[in-house]
Amino acid sequence: MHNDQVQGLVSHDGMTGTQAVDDMSRGFAFTSKLDAIVAWGRKNSLWPMPYGTACCGIEFMSVMGPKYDLARFGAEVARFSPRQADLLVVAGTITEKMAPVIVRIYQQMLEPKYVLSMGACASSGGFYRAYHVLQGVDKVIPVDVYIPGCPPTPEAVMDGIMALQRMIATQQPRPWKDNWKSPYE
Amino acid sequence: MNKLENLKQLLAGKFKIENFKFTHAVGDDVIEVPKEDVPALLLFLREGGQFDFLMDVCGVDFPNREKRFDVVYNLFNSKDSSRLRIKAQVGEGEKIGTAIPAYRGADWFEREAYDMFGIIFEGHPNLRKILTHHQFVGHPLRKDYDANEQQACTTSLPIHFNNEPGSPGDVLNDKYLPLNIGPSHTAMHGTLRVMAEMDGETIVRCNNEIGYLHRCFEKMAETHPYNQVIPYTDRLNYCSAPMNNIGYCKAVERLLGVEIPPKAQAMRVILAELSRIIDHTIALGTGAMDLGALTGFFYMFGMREKVYGLFEKLCGARLTVSMTRIGGMAQDAPEGWFDEVVALCKEIRRGTDEMAGMVLDNKIFIQRTRDVLPVSAQDAIQWGYTGPLLRASGVNLDLRKAQPYYGYDALDFDVPVGTNGDIYDRYLVRFEEMRQSVRIIEQVCKNVPGGDYTIRDKGIVLPEKKDVYGNIEGLMNHFMLIIKGLRPPVGEVYDATEAANGELGFYLVSDGSANPYRLKVRPPCFAIYQSFPTVVKGAMLADAIATVASMNLIAGELDR
C-alpha cells in the first residue's frame, strides 16, 4: 500500500499491547477516508465482463492474453455473468438489435459498476454511419471511459483501464451515471 | 465448344430457351431467364449434376426499371470448377419461386434477399426477417432507403422457432423446457442467439437468430468509393482481415481487367496464409475453450501475437490491416521482412505441433468431439458448406487448387480431407491446414519476385507521396483520382477466394460510377450456420455447444 493511499488510516499514539481488542479497535480512527481504502480495493480488483461483439473483442482477447496480461492490473477475472462483474467492457459495434440486450445486461450488474467503451464503434458508431448501427453505446447506457481506435491497441485499452482506476481512486463524481434512466422505461 | 454452348444445347429441349439470354460477362457465364423458370431450371441443373453448389442468392435493385429487382443465383460445379450465374427480373410485389427444393442452402440467402429488398420467395417455409431487427420498417438495401436512417429497437423477440412442416412454429410445448442461449453468452461468441426446447439434456428442436452484428456492410460499400471500401472489408472476418482485403481487391481488379505484379501476388499469398494460420488459431483456441480447455487459448494467442508483430512491421496495424489496394499493395515490405516471416514459420510449426499434441491427443477432447454430430458430404454440399468444414466431411474442394490464383498452382501443398465430418475431423483439418500454410509461406519467401508492389496505372493507383509533393504530374494525378475516383467499366463480376472459413465471394455490380452499385459478400459461415438447427436436432446440449465452436462463426461476416 502506498503512503498516499493510506492517509485514511490514522492510528492514535499511546496504545499499549495489553489493551483489549475492543479498545484497540477504538484506538484506530477511520475518518471519512474509509472511502479511500474501499476505492483502493475496488480499483485493483475490477472484474470485467467482456461484451465482445466484433473486432474489438478479438483485441480484448489480446489484452487478456499472455503478452499484455491484464492480470497485472488486477482485472484478470473475466466474468460472463453480469451479476459477478463490476466493469462492463463494451468491445465492438452495438447494433440497434443489440441495444435492448446490453441495457438489460447493464441493469443486471450490481453496484458499483463501471462501463468502458472500447473502440470507435462502441463510442460513436465509428465509420458505420448506417441504418442498423447504434451511434454510440452511450445512447443507451452511461459510459465512464471511452477508448479511441479501430480497434484500439492493447496499450490503449490498458491506458483506458488505468484512467478508470484513477477515476475510482479519486472518487470522481459521475453525473452521467447517477442521472441515467433506462431508455425503455 | 465452350461450356455455355453445351449448356444451351442441354437446356434446349427442356425449356423455352428463346426466352433465355445467354451471355459471357467478364469471364463468367450468365443466363438471364424469366422468373417463372427459375425453380425448375435450378432443380434441373442440380439433378443433372451440372452444378452441385448454390453459392449465393442475392438481390439487386434498379428502381428506374420496369421490373425493379434482379435475383441473382451463383452456381458452382465442384467437378470442373465452372461457375454459372442465373439472373431473373422480379417486379415490386411480385413473387419468385423458392430455390430450396433444389438447394437446401438457399434458405437463409433468400431470407436475406427478402429482408434487404422485399423480394418474396413463394414456397419458402420461413420467409421472415433475418438481419434487421423485428421492429425495422422497410427494406434497407433498396436504393431509396437512406443509409443513415436508423430505427430504434426497444425489445428482443421472445423465443421463436422456424415454421417447418409438422412443427408447431412459435407455439411452445408445455412438456419441454424452453431455453434461450445468448446473444450475451460465452459459448455464443457475443452475438449469436440460440433458442431451444429441451427434453432433459436433449434438444427437441432448436432455432438460431442472427443479425446482432448487422452493420450494413453492403450499404456502406454502396456509399463509399472503391478504395474506401477496403477498411470495411477488414471488418468482415476480423480474425483474418487481410484475406477479405485480398478477396475484395481481386474482384475489383478482375472487373477492371488488370493483373497485379508478381511481387504483389507473392505478398498477398504470404498475407493470406499467415491470416489463415491466425484465423485457425482463434478457431482452435476458442473451440478448445468452449469445451473447457483454457490453456490452449493462451498458447494459441501467443502465436497470434507474433504474427501481429509481422503485420505491424508491414503496415502499422495489428488486426485490421487494410494492406491491399486495388492494383497491388499499399506499400512495399520493409527490408528483411521476408526473412522474419521465414524465421517465424519455424516457430509456428513448432507451436502447431505442440498445440496439436495438447488438444488432439487429449482424452477429454477426443471424447467430446469424435463421432459427435457428423455431417455427411452430401448434406454439406446441399447446405453450401465450403472450406475446412466441407473438407472435414470428405469433399476435396479447395479453391486454391480448383481455381488457382496468384500462383497457387505452382506451389507444393496438400489439401487435408477428413473422413466422416464430425467435430474432431474439423479440428484435424484445421491443424493440418496450418502446417500446409507454413509450407506455402516458406516456398514463397524462398524466392520473392522483384519488381514493383503495385501496378502504375494512373486511373487506378494513387501516385507515391514523393511524387504528389514533388512534381506537378504527381499532384494532378493524385487530385484527379481523388476527385473523380476509380471508375471500373459498367459490368458485373463474381469472384471468390479460399478464405479461412471457406469460399469468400464478392459479387460486384458497377454502373461506371466511383462507388460500387452493389457489392454482395458471400460469407462462408452464413451458409454453414443455417444448417445448425437441423444438425443439432435430437442431440445433447453440450454437443450443440461443441458444434457452434467447431463452425468458427465470425459474426462480422455472418451478419455483415
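Protein sequence lines correspond, in order, to chains A and B.
With the first letter of the first sequence counted as 1, position 142 gets the number 142 in our numbering; the numbers rise by one all the way through.
Count along the second sequence from 1, add 1000, and you get the number used in our numbering.
All C-beta atoms, glycine included, are put in the ideal place defined by N, C-alpha and C.
Taking every protein chain shown into account, the CB of B/Ile1483 has fewer than 16 other CB atoms within 10 angstroms, so this residue is exposed. Scanning its chain for C-beta atoms nearer than 6 angstroms, with the 5 sequence neighbours on each side dropped, one finds around B/Phe1109 the residues Val1057, in chain order. Secondary structure at B/Glu1503: strand, using DSSP grouped into helix, strand and coil. CA-to-CA, the gap between B/Ala1514 and B/Arg1215 works out to about 22 angstroms. B/Lys1014 carries a coil assignment under DSSP once its states are collapsed to helix, strand and coil.
The beta carbon of A/Glu96 sits closer than 6 angstroms to those of His132 and Leu134, all from its chain and outside the five residues before and after it, given in chain order. Using a C-beta cut-off of 8 angstroms, the stretch 1226-1240 of chain B makes no contact with the stretch 1368-1386 of chain B, since fewer than three inter-stretch Cβ pairs fall below that distance.
Not a single C-beta of chain A is nearer than 9 angstroms to the C-beta of B/Leu1177. Residue-level contact check: B/His1214 touches chain A, since one or more beta carbons of chain A fall below 9 angstroms from its beta carbon. In the DSSP assignment, B/Tyr1529 is bridged to no other residue.
The C-beta separation of B/Asn1552 from B/Ala1283 comes to about 4 angstroms, placing the pair in contact by the 8 angstroms criterion. Nearest Cα to A/Arg104 within the set A/Pro82, A/Pro112, A/Asp178 and A/Ala122: A/Pro82. Around the beta carbon of B/Thr1155, fewer than 16 other beta carbons lie within 10 angstroms, which makes this residue exposed. Counting only the Cα atoms, B/Pro1034 lies some 12 angstroms from B/Lys1095. Within the stretch 1040-1116 of chain B, the runs of beta strand (DSSP E) at least 3 residues long that lie entirely inside it are, in chain order, 1053-1061, 1069-1077, 1082-1090 and 1095-1097. The beta carbons of B/Phe1069 and B/Gly1049 sit no closer together than 9 angstroms. Among the CB atoms of chain A, none fall inside 9 angstroms of the CB of B/Met1480. Straight through space, the alpha carbons of B/Asp1398 and B/Pro1404 are spaced by roughly 9 angstroms. In the structure shown, A/Leu87 falls within a strand segment according to DSSP collapsed to helix, strand and coil. Using beta-carbon distances, B/Ser1082 does not count as an interface residue toward chain A, since no partner is under 9 angstroms.
By the beta-carbon neighbour count (other beta carbons within 10 angstroms, threshold 16), B/Leu1291 is buried. Under the DSSP assignment, B/Lys1458 falls outside any beta strand (DSSP E); it carries neither an H nor an E label. Listed in chain order, the positions of the stretch 133-153 of chain A with a beta carbon within less than 8 angstroms of a beta carbon of chain B are Val133, Leu134, Gln135, Cys150, Pro151 and Thr153.
Looking only at B/Cys1206, B/His1024, B/Pro1101 and B/Asp1061, the smallest Cα-Cα distance to B/Ala1040 is reached by B/Pro1101. With its beta carbon less than 9 angstroms from one in chain B, A/Tyr128 belongs to the interface.
Neighbours of A/Ser62 across chain B, judged by C-beta separation under 9 angstroms: Phe1301, Arg1304, Glu1305, Tyr1308, Arg1318 and Leu1319.
The alpha-carbon separation between A/Ala78 and A/Met49 amounts to approximately 6 angstroms.
Here A/Val63 is actually not in contact with A/Ile102; their C-beta atoms are around 20 angstroms apart, not less than 8 angstroms.
Residue contact with chain A for B/Gln1150: present (Cβ-Cβ distance below 9 angstroms to some residue of chain A). The three-state reading of DSSP puts B/Leu1177 in strand, counting E and B together. Rounded to whole angstroms, A/Ala36 and B/Gly1309 show a C-alpha spacing of 40 angstroms. It is roughly 52 angstroms from the alpha-carbon of A/Pro173 to the alpha-carbon of B/Val1461. Secondary structure of A/Met98 (DSSP, three-state): coil. A/Val137 carries a helical assignment under DSSP once its states are collapsed to helix, strand and coil. The contact set of A/Lys33 on chain B, defined by CB atoms closer than 7 angstroms, is empty, because the minimum CB distance reaches about 38 angstroms. Beta bridge pairing from DSSP links B/His1024 with B/Asp1029.
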